[in-house]
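Have a look at the structure below, then the notes.
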Amino acid sequence: MGAAGPSNDVLDEIFNRTINSRSIFLNRDVLRNDYIPDHILFRDDQISQFGSILAPILRGNKPSNIFLYGKTGTGKTVVARYVTKKLYERILKLNLNTKFLYINTRLASTQYKMLVELGAQLDISLPFTGLSLSEAASRIFDKMKRDGINTIIILDEIDYIVKNYDDNILYEFTRVNNELLNGNFISIIGISNDLKFKEYLDPRVLSGLSEEEMVFPPYTVDELEAILTDRIKTAFRPGVVSESAVKLCASLAASEHGDARRAVDLLRVAGELAEREGSDVVDTDHITKASRSIERDRTYEVIRSLPLHGKLILAAVLAAVLAAPEDINTGRLYSNYTSMARSLGVEPLTQRRISGILSELDVLGVVNAPVVSNGRFGRSKRVKLVVPREVVSRALQEDELISSILK
DNA sequence: CATCCACAGGAAGGTCCGGAGA
DNA sequence: TCTCCGGACCTTCCTGTGGATG
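For the first sequence, counting from 1, position 390 maps to 390 in the UniProt record's numbering; every step adds exactly one.
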């Protein structure tokens, strides 16, 4: 250990640079994904259609239930939030007892948590466990009835809750309207990323819920470019983001089915990278790096938060990839996995379960595991790792138990 | 062209946990 | 106290099946 000089100099330099240099951002918040802009491009039709469906609220009438369909980043959420925000301003002026409740069912993650969240927005607190679903629901309905509140419930990523559980809760919501009497109502706005979502719904729920439907098409490259350019005006200082960077950003996002959210995320991360480097421009380089870093972070987080057996299987996949990258099938993987588990003193799970976990890993985008037929030699999943190996092993290292077998 | 492998993946049910309510 | 609940996670049992091979 020599003098502490050099490292102090480095730190000083970083701190000074941060203090002295002007940020390349004007308003970083504009690039956050929960930001609601005060104007929305290329969605005029949807905004006016959505607005006119909801407008009866202003006369105290129940608007139709609506379904918004479209892939991620096509503007569904932002349009819904924008229109409801505008409506709410009017509602306040008119002194109507109407509330908008917004819930992302994927983030709420279970039916019960969804109800707890709903309750919180109505100022009733529900215990986080212990009650039956119907008890929790009826407490919410009681509150609405007691206070004479009309509610419009926005259920974002509604496909998540229906796929993972069932549609009883939704049925409750549609059914209760008939019993809430004295003029009160609940309207449901469902937002789904999955166009085939309706197939999962019980017909009686479907007919109640989708009185109106709207489809959001993906943005084209040109539209994405215009959206980015528009955001850049308020997010960055003039001239910071190069034109080619915008183009690259738009085309990367367009290749992911015209996902505006992704485009904006990319821009934000690229901006942060550029700022950290002390660069005063955001160039294509930063966009490329940002794209890679977003992907890495996501993968790392996904793996780190996997349950033990999920990690064990990944460790088995890792080992199999090193040994024989081709022909990794369920059977081979299972024997790899069982011996690994035993060597750690863990009782291995059944093959049925492992097959299920592999499918989950596939959905998470960590592995690719299509079912292939080898004719006479049966059918099995052919497993491939689709994320960088070192990211996987780095994430697995964090687990004390597993790091011991990754040499 | 029927056969038959090596699984896939649905269905139903079990166990544990953390907690509410009577 | 006892009973009930939802959720996570798992097992057991089961039927289904694409396509190379004999």
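The beta carbon of each residue, even a glycine, is placed where N, CA and C say it ideally should be. Since this is a predicted model, take the numbers as computed values, not measurements.
Next item on the list: Measure how close the beta-carbons of VAL281 and ALA270 come, nearest whole angstrom, since I'm counting them as under 8 Å.
Entry: Not confirmed; about 11 Å, so no contact.
Next item on the list: Just the C-alpha distance for LEU314 and ARG292, rounded to the nearest angstrom, thanks.
Entry: 21 Å
Notebook entry, point to check: Would DSSP call ALA3 helix, strand or coil?
Noted result: The pLDDT assigned to ALA3 is 47, lower than 50, so where the model puts this residue is not dependable, and the model offers no usable value.
Next item on the list: Put THR74 into one of helix, strand or coil per three-state DSSP.
Entry: coil
Item checked: Residue(s) in a DSSP beta bridge with ASN150 -> THR98
Checklist line | Helix, strand or coil at ILE201 [DSSP, three-state] | finding: According to the sequence shown, residue 201 is Leu rather than Ile. Residue state, collapsed to three classes: coil.
Item checked: Unbroken alpha helix (DSSP H) run spanning SER335, endpoints -> 330-343
Check: Does the separation of the CB atoms of VAL264 and ARG231 fall below 8 Å?
Finding: yes
Item checked: Nearest neighbour of ASP38, chosen from LEU96, LEU312, ILE227, VAL383 [CA to CA] -> ILE227
Next item on the list: Could you work out which residue in SER210, ALA136, LEU322, PHE42 is closest to LEU115 when comparing CA atoms only?
Entry: ALA136
Item checked: Cβ distance (whole Å) where LYS76 is taken to contact LEU68 below 8 Å -> 5 Å
Notebook entry, point to check: What separation, rounded to the nearest whole angstrom, lies between the Cα atoms of VAL221 and VAL162?
Noted result: 32 Å
Checklist line | Residue ranges of each alpha helix (DSSP H) within the segment 210-270, 4 or longer | finding: 221-235, 243-255
Notebook entry, point to check: Sorted by chain position, which residues of the same chain lie with C-beta nearer than 6 Å to GLY2's C-beta, five sequence neighbours on each side aside?
Noted result: The pLDDT assigned to GLY2 is 43, lower than 50, so where the model puts this residue is not dependable; a value taken from the coordinates is nonetheless given after this. Taken in chain order, the list of residues that qualify is empty.
Next item on the list: Consult DSSP for GLY190 and reduce its assignment to one of helix, strand or coil.
Entry: strand
Item checked: Closest residue to SER138 among LEU118, SER393, ASP166, THR105 (Cα-Cα distance) -> LEU118
Item checked: ARG43 (DSSP reduced to helix, strand or coil) -> coil
Note to self: Between LEU122, TYR112, ASN65, which has its C-alpha nearest GLY130's C-alpha?
What the structure shows: TYR112
Margin query: Alpha carbons only, please: which of GLU89, ALA320, LEU401, TYR171 is nearest the one belonging to ARG382?
Written below: ALA320
Checklist line | Backbone CA spacing between GLY208 and PHE185 [nearest angstrom] | finding: 13 Å
Note to self: Is it buried or exposed, VAL371, if we count other Cβ atoms within 10 angstroms and call 16 or more buried?
What the structure shows: exposed
Item checked: Rounded straight-line distance, which links the Cα of ASN95 to that of ILE189 -> 22 Å
Margin query: Taking the alpha carbon of ALA341 as the reference point, which residue from GLY148, ALA316, SER192 has its own alpha carbon closest?
Written below: ALA316
Next item on the list: Within its chain, find whatever has a CB closer than 8 Å to the CB of ASP159; leave out the 5 residues flanking it on each side and keep chain order.
Entry: SER192, ASN193, ASP194, PHE197, TYR200
Next item on the list: May I ask you to report which of helix, strand or coil DSSP gives ASP280?
Entry: coil
Notebook entry, point to check: In chain order, what residues of the same chain lie with their CB nearer than 8 Å to the CB of SER373, ignoring the 5 residues before and after it?
Noted result: ARG379
Notebook entry, point to check: Between the Cα of SER64 and the Cα atoms of ARG28, MET214, ALA235, ASN329, which residue gives the shortest distance?
Noted result: MET214
Next item on the list: Report yes if the C-beta distance between SER359 and THR330 is below 8 Å; otherwise report no.
Entry: no
Checklist line | Among LYS145, LYS143, THR110, LEU122, nearest to PHE128 - alpha-carbon criterion | finding: THR110
Checklist line | Inter-residue spacing [alpha-carbon to alpha-carbon] between SER279 and TYR35 | finding: 26 Å
Margin query: Short of 7 Å in beta carbon distance, which residues of its chain neighbour SER393, apart from the five on each side in sequence? Order them along the chain.
Written below: LEU318, LEU406
Margin query: Buried or exposed, going by whether 16 or more other CB atoms sit within 10 Å of the CB of SER48?
Written below: exposed
Next item on the list: Would you mind working out which of LYS233, ASN150, VAL302, PRO218 sits nearest residue 419, comparing C-alpha positions?
Entry: The requested residue 419 does not occur in the structure, where the chain is confined to residues 1 to 407.
Checklist line | Any non-hydrogen atom of the ligand NAD within 7 Å of ALA341 CB | finding: Ligands in the displayed structure: none, and consequently the ligand NAD is not present.
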